[in-house]
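Protein chains in written order, with my numbering: chain A, 341 to 594; chain B, -4 to 423.
Let me begin by presenting the structure, written as structure tokens, before commenting on it.
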């Protein structure tokens, strides 16, 4: 079972259903894009998979390589191999990037083992260079005073340092100019491989010019209503989300 | 009237008079109550000071233990170690510093060798923040103390460290730190307040007076880490003259109740003063902080940042006043108090104040009290970091902007370790 598999997931916030019998399987080695208008539940899906406690899961399952992760703590889910790149990465005053990623890597070691500091910094610097992040950033407080592009690059840096099995990227393209978009996409493309699956959540087709997806899903009103190949993203861009609403709204009306 | 007995050998007449005045003040000034503006929200005055007495000479066993534990940093320019107000060790300055005229004296040495210097500066600055009565008690009893005199143009690289320990049940200590920095001098000092055991209830009434003369650079750090039975007063006054750069930084970890009065008087233009404090309060600890930034001259800057992290049912009180005198134009004065509540039962009180008589100034004060943002926590957890480590990172991160101001890497590490040791056990 080499996949991230979400089955019949129903999620509510304050009794308001957000995800409705949601189904999605991302096999390792594939990049799936999830597109859809605002408010259809894309970000909710990302947070629920990552273990955010604010959402009430009323039924369904989430399995990572056959193991249920639903109901687990966010740190356990991360250690199981999931990474969520945040749409709005938080600013953590006084916690440097270097110490933060180090703590995250340290948490993956057996109790009593400590991270090899020299090897750690070598890897960190290499990956920062690849993402064109100034090495001086290591001592800066996490995301504090970063531009939108710097925050997103920092997310991809963390992703690349933690080497997850499945990556969920929530609107990573928002707030990026074209140069930053290219750098971030290169970073993601370098991580693509047979042992890793991606879910790229985006509102626009633009990012998918740089990260070519294997499958594109269209989400509307809490579920996936249509799937296709990379061409679908272009079709959506051309027709607009009103087309989605017109075409797929009716079946959900009771 | 009772005359206070001389406590040190061959005390001069003027000191005897100061002691008598202290005794008098202690006896006649009323015990504060929570109705006094300077004591709002506080409870420290409920501790009966009369129960605490100066201690006799400590045993050689205690002295040995104390020496072993007085190891804050590997490097210093000189150190004094006091146990229950008895001097048990004092290292001397380098020949080079001595040749340049630097003096590092106990009060007894100052009486014997530099009486004029002592007379000019000793016990001259009381507090105006409410503990005048206890300053009196200090003046009448003080015998342990370090007097540092840095002559014009002399810069001292490594810190001077003063350790003040207690070890006696109901013991009273009255540590005194006096720093006189002449023009263009530069000095950094550390005072460490500590208890040799966890079990003795002591009272400490410490006083520090700093005189930063024109263009002097002074950085004083205080680590207050008494055991959690001890009651501590820390009454600090700094006089900053023209173009000085003065920083003080207090790390508050210990004591059942600790009252910290910190006043800075800026008497010259171009002075740049920073006042920092970081506190970790737990269990039923009470940290009561009163500050006073007085600008008597134009064109100077004072910047205060006090940060408190509170666990359990602990309490903190911050009450700060900025006073800008008429004519002290182009003053920049800032005052910020930030409280991080790590338990809903903890109680942080904040009373900022401004009193401005000049019209062309930049002054601000602000206080915030908040909890850890659950979204921040989720962000850290989502990277695989455990709840305990995430909390540790956030709490330590909260203090980092102050820790960043420290001037030595080894002190930074020491202070981080002290902080982590204190709150790590609280996190799950």
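Note that beta-carbon positions come from the ideal geometry of N, C-alpha and C, so glycine has one too.
As the structure is a prediction and not an experimental result, all values here were calculated from the model.
query                                                                                                                     : result
Beta-carbon separation (whole angstroms), residue 140 (chain B) vs residue 101 (chain B), contact threshold 8 Å           : 7 Å
Cutoff 8 Å: residue 572 (chain A) Cβ touching any chain B Cβ                                                              : no
Distance, residue 388 (chain A) Cα to residue 395 (chain A) Cα                                                            : 7 Å
Cβ neighbours of residue 333 (chain B) in the same chain (closer than 6 Å, five flanking residues each side left out)     : 302 and 363
Endpoints, the beta strand (DSSP E) within which residue 216 (chain B) is located                                         : 212 to 220
Residue-chain proximity (residue 413 (chain A), chain B), Cβ-Cβ < 8 Å                                                     : yes
Short Cβ contact (8 Å threshold) for residue 541 (chain A) with residue 430 (chain A)                                     : no
Residue environment, residue 22 (chain B), which counts as buried when at least 16 other CB atoms sit within 10 Å         : exposed
Minimum Cβ-Cβ distance from residue 346 (chain A) to chain B less than 8 Å                                                : no
Cross-strand partners of residue 359 (chain B) (DSSP beta bridge)                                                         : B:329
Test item: CB-CB of residue 158 (chain B) and residue 202 (chain B) under 8 Å                                             : no
Within-8 Å CB hit, residue 593 (chain A) to chain B                                                                       : Any reading at residue 593 (chain A) is ruled out, since the residue's pLDDT is 41, under 50, leaving its predicted position unreliable.
Check: residue 169 (chain B) C-beta below 7 Å from any heavy atom of the ligand NAD                                       : You won't find the ligand NAD in this model; it holds no ligand whatsoever.
Residue 150 (chain B) (DSSP reduced to helix, strand or coil)                                                             : strand
Where residue 61 (chain B) sits in the DSSP three-state scheme                                                            : helix
Contact belief for residue 146 (chain B) with residue 180 (chain B) at Cβ below 8 Å, rounded distance in angstroms        : 7 Å
Length of the line joining the Cα atoms of residue 354 (chain B) and residue 327 (chain B)                                : 12 Å
Any chain A beta carbon closer than 8 Å to residue 101 (chain B)                                                          : no
Residue 252 (chain B) and residue 209 (chain B) closer than 8 Å at C-beta                                                 : no
Residue of B:175, B:32, B:357 and B:19 minimising C-alpha distance to residue 345 (chain B)                               : B:32
Euclidean distance between Cα positions of residue 586 (chain A) and residue 577 (chain A)                                : 15 Å
Residues near residue 254 (chain B) in its chain [Cβ-Cβ closer than 6 Å; skip 5 each side]                                : 39, 228 and 283
Inter-residue Cα distance where the pair is residue 552 (chain A) and residue 214 (chain B)                               : 58 Å
DSSP-derived helix/strand/coil call for residue 556 (chain A)                                                             : strand
Residue 407 (chain B) vs residue 244 (chain B) beta-carbon contact at 8 Å                                                 : no
Min CB distance residue 438 (chain A) to chain B below 8 Å                                                                : no
Of the residues B:389, B:361 and B:360, the one placed nearest residue 370 (chain B), counting alpha carbons only         : B:389
Cβ separation of residue 29 (chain B) and residue 35 (chain B), assumed to be a contact under 8 Å, to the nearest whole Å : 6 Å
According to DSSP, residues forming a beta bridge with residue 186 (chain B)                                              : B:157 and B:217
Same chain, Cβ closer than 8 Å to residue 387 (chain B), five either side skipped, listed in chain order                  : 415, 418, 419 and 422
Buried or exposed by the 16-neighbour rule on C-beta atoms within 10 Å, applied to residue 94 (chain B)                   : exposed
Separation of residue 144 (chain B) from residue 230 (chain B), as counted between CA atoms                               : 20 Å
CB contact below 8 Å: residue 13 (chain B) versus chain A                                                                 : no
Residue 367 (chain B) at chain A interface by Cβ criterion, 8 Å                                                           : no
Separation of residue 240 (chain B) from residue -2 (chain B), as counted between CA atoms                                : Caution is warranted here: a pLDDT of 49 is assigned to residue -2 (chain B), below 50, making its placement in the model unreliable, and no coordinate value can be reported.
Residue-level contact to chain B via CB, residue 372 (chain A), 8 Å cutoff                                                : no
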